[in-house]
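Notes follow once the structure below has been shown.
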Amino acid sequence: MGNIKNILEKYQEPSRDNLIPILQDIQENEGYLSKESVVQVGSYLNLPSSKIYGVATFYNQFRFLPKGKFHIQICRGTACHVLGSATVLQELEKQLKVKAGETTRDGLFSVEVVACIGACGLAPVITVNGEFFAKITPDSLQAIIEDYKNKEQ
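Just so you know, we're using this note's numbering here: the sequence shown kicks off at 30 and counts up by one.
Take a look at the structure:
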């Protein structure tokens, strides 16, 4: 909470024009936008929390849940799409029992769909905490998930 106050203090002139940069700073610092942070920003900018939330939900860059210990990004760019990333996403959601944008109950995994990771020649691609995995299949995905689960034991 104190960090949010420090972020807000960087913006000397409370203005609607600062809303997106403030939300970006909070998410970069906290990892996501909590309910409390949305309320604080609304209070600081003299805007209803519903307005802040409405703006933040419009942009897919903002998260409202903390990331898991292992944050999985799945590419849905053209090359990945053509080579089966939809199937990989379905399998990932099935294995982890979460939808894209969610975090597992145990806090281990979170899933994020991204437009392009920039590794089209390796499609379909996922990253786990920035580590790339290429030519993903349902079987290789299961092995990757198991490997990260085993790191926790």
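Quick reminder that beta carbons are idealized off the backbone N, C-alpha and C, glycines included.
Cβ neighbours of A85 within its own chain (closer than 8 angstroms, five residues either side excluded): L52, L62, V67, F91, F93. Residue environment for Y73: buried (at least 16 other C-beta atoms within 10 angstroms of its C-beta). It is roughly 19 angstroms from the alpha-carbon of A115 to the alpha-carbon of F138. P153 counts as buried, since at least 16 other C-beta atoms from the protein chains shown sit within 10 angstroms of its C-beta.
According to the DSSP assignment, E160 belongs to the beta strand (DSSP E) that extends over 160-162. Segment contact: the region 165-175 against the region 127-137, fewer than three CB-CB distances shorter than 8 angstroms; contact not assigned.
Note on geometry: alpha-carbon atoms of S78 and K180 lie some 39 angstroms from one another.
Scanning its chain for C-beta atoms nearer than 7 angstroms, with the 5 sequence neighbours on each side dropped, one finds around G60 the residues P95, K96, in chain order. Judged by DSSP secondary structure, C109 falls outside any beta strand (DSSP E) and instead within the alpha helix (DSSP H) spanning 107-111. When rounded, the separation of the alpha-carbon atoms in P50 and G159 is 24 angstroms.
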